């Protein structure tokens with residue numbers, strides 16, 4: 023069964039610093055990959071997705087992610103953190119080995135941005 | 032578009048009571064998903080429907096949980112009887128159609144069973 027691993031349950035960066043949130047997936051067939059953001063007491067909002075087109079994907083709020091098949095990774099980056107980026111971020115997969123149309127989520131990474 | 036609408040936003044109930052959570056997907060979306068979020072287990076898929084038909088309910092914890100989708104614009108998740116371990120945030124999400132992959136999530140229902 024496919025799965026998603028997010029390294030680091032908490033990441034803290036200074037405002038203006040690089041943000042790097044790590045995601046690795048397990049699937050013999052490249053799945054669709056997503057990053058979602060969740061603000062406190064809110065639902066999940068899609069940041070970006072990879073669906074077998076360009077391997078470097080740009081999303082909202084200045085975030086981007088690169089699909090690396092050789093590393094089975096889909097890490098999320100942002101060149102310069104802003105205070106408003108503080109939230110929980112989830113990596114998710116769809117399809118892949120199971121072909122299932124539902125999202126399977128990682129455990130999440132809470133991003134703190136220090137002034 | 033109003034997005035995925037869930038009700039109620041908050042529910043507090045006593046152990047043993049029946050709880051019904053409601054979801055209205057985005058109009059024109061034909062896949063609907065129920066997720067549960069807890070600190071211990073993260074985001075878990077409970078069940079999903081395609082064209083109102085349950086496709087995968089393997090995530091439903093036990094017989095106390097049931098879900099229905101009587102039409103394309105409404106779904107319910109029922110817990111009977113409720114237990115304190117059911118306390119969680121329950122999310123509903125929908126996707127437009129085959130070939131589309133972007134899931135839109137509701138704001139969630141925070142359930143507390145005391």
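Chains as they are written, first to last, in my numbering: chain A, 23 to 137; chain B, 32 to 145. We treat Cβ as the ideally placed atom computed from N, Cα and C, and that holds for glycine. Being a predicted model, the structure only gives us computed values, none of them experimental.
> Across which residues does DSSP place residue 127 of chain A in a beta bridge pair?
Replying inline: Here residue 127 of chain A corresponds to residue number 105 of the first chain, with the count starting at 1. Residue 127 of chain A is bridged to A:114.
> In terms of residues, what are the limits of the beta strand (DSSP E) holding residue 87 of chain B?
Replying inline: As a working note, residue 87 of chain B is residue 56 in the second chain. That run of the beta strand (DSSP E) goes 84-87.
>> Please classify residue 65 of chain A as buried or exposed, where buried requires at least 16 other C-beta atoms within 10 Å of its C-beta.
In response: Position 43 of the first chain, counting from 1, holds the residue named residue 65 of chain A. Residue environment for residue 65 of chain A: buried (at least 16 other C-beta atoms within 10 angstroms of its C-beta).
> Which partner residues of residue 71 of chain A appear in the DSSP bridge assignment?
Replying inline: Counting from 1 along the first chain, the entry for residue 71 of chain A is found at position 49. Partner residues in the beta bridge of residue 71 of chain A, as assigned by DSSP, are A:56.
>> Tell me which residues share the same chain as residue 118 of chain A and place their Cβ nearer than 6 Å to its Cβ, disregarding the 5 neighbours each side in the sequence.
In response: Numbered from 1 along the first chain, position 96 holds the residue referred to as residue 118 of chain A. Excluding residues within five positions, the ones whose Cβ falls inside 6 Å are 24, 49, 51 and 53.
> Taking DSSP as the reference, what is the three-state secondary structure of residue 82 of chain A?
Replying inline: Numbered from 1 along the first chain, position 60 holds the residue referred to as residue 82 of chain A. Three-state DSSP puts residue 82 of chain A in a helix.
> Leaving out the 5 sequence neighbours to the left and right, which residues in its chain are closer than 6 Å to residue 48 of chain B when beta-carbon positions are compared?
Replying inline: Taking the first residue of the second chain as 1, we reach residue 48 of chain B at position 17. The beta carbon of residue 48 of chain B lies closer than 6 Å to those of 113 in the same chain, with the five residues before and after it left out.
> Is there contact here, the region 43-58 of chain B with the region 100-115 of chain B, by at least three beta-carbon pairs under 8 Å?
Replying inline: The region 43-58 of chain B makes contact with the region 100-115 of chain B: 3 or more CB pairs, one atom from each, lie closer than 8 Å.
> Are there three or more Cβ pairs, one per stretch, closer than 8 Å when the region 124-133 of chain B is compared with the region 57-73 of chain B?
Replying inline: Cβ pair count under 8 Å is three or more, so yes.
> Helix, strand or coil: which one does DSSP assign to residue 101 of chain B?
Replying inline: For the purposes of this step, residue 101 of chain B is taken as residue 70 along the second chain, with counting starting at 1. If DSSP states are grouped into helix, strand and coil, residue 101 of chain B belongs with the strands.
> Looking at the structure shown, is residue 113 of chain B part of a helix, part of a strand, or coil, going by DSSP?
Replying inline: Counting from one through the second chain, the residue named residue 113 of chain B turns up at place 82. The answer is coil: DSSP assigns residue 113 of chain B none of H, G, I, E or B.
> Does any CB atom of chain B fall closer than 9 Å to the CB of residue 105 of chain A?
Replying inline: As a working mapping, residue 105 of chain A is identified with position 83 in the first chain. Chain B, which has no Cβ nearer than 9 Å to the Cβ of residue 105 of chain A, makes this no.
>> Judging by CA-CA distance, which residue of B:144, B:99 and B:75 is the nearest neighbour of residue 126 of chain A?
In response: To locate residue 126 of chain A, count along the first chain from 1; it is residue 104. From the listed residues B:144, B:99 and B:75, the smallest Cα separation to residue 126 of chain A is found for B:75.
> If you run the structure through DSSP and keep just helix, strand and coil, what is residue 75 of chain B?
Replying inline: Residue mapping note: residue 75 of chain B aligns to position 44 of the second chain, counting from 1. Residue state, collapsed to three classes: strand.
>> If the cut-off is 8 Å on Cβ atoms, which residues from the region 30-45 of chain A count as contacting chain B, listed in chain order?
In response: Listed in sequence order: no entries.
> Helix, strand or coil for residue 88 of chain A per DSSP?
Replying inline: Translated into positions along the first chain, residue 88 of chain A becomes position 66. Correct three-state label for residue 88 of chain A: strand.
> For residue 22 of chain A, which three-state DSSP category applies?
Replying inline: Residue 22 of chain A lies beyond the stretch modelled for chain A, which goes from 23 to 137, so this question has no answer here.
> Near residue 40 of chain A, which residues of its chain fall below 8 Å by C-beta distance, leaving aside the five closest residues on each side in sequence?
Replying inline: Residue 40 of chain A sits at position 18 when you count from the first residue of the first chain. Answer for residue 40 of chain A: 99, 100, 101, 102 and 103, listed in chain order.
>> Taking only three categories from DSSP, how would you classify residue 93 of chain A?
In response: The sequence position of residue 93 of chain A within the first chain is 71, counting from 1. Helix.
>> So, with DSSP's three-state summary, where would you put residue 106 of chain A?
In response: On the first chain, position 84 is the one that residue 106 of chain A refers to. Correct three-state label for residue 106 of chain A: helix.
> Does the beta carbon of residue 122 of chain B come closer than 9 Å to any beta carbon on chain A?
Replying inline: Here residue 122 of chain B refers to the residue found at position 91 when the second chain is read from its first residue. Closer than 9 Å to some Cβ of chain A, the Cβ of residue 122 of chain B qualifies, so yes.
> Beta carbon of residue 90 of chain A, beta carbon of residue 73 of chain A: below 9 Å?
Replying inline: Locating residue 90 of chain A in the first chain gives position 68, counting from the first residue. Locating residue 73 of chain A in the first chain gives position 51, counting from the first residue. Against a cut-off of 9 Å, the Cβ pair of residue 73 of chain A and residue 90 of chain A comes out as no contact.
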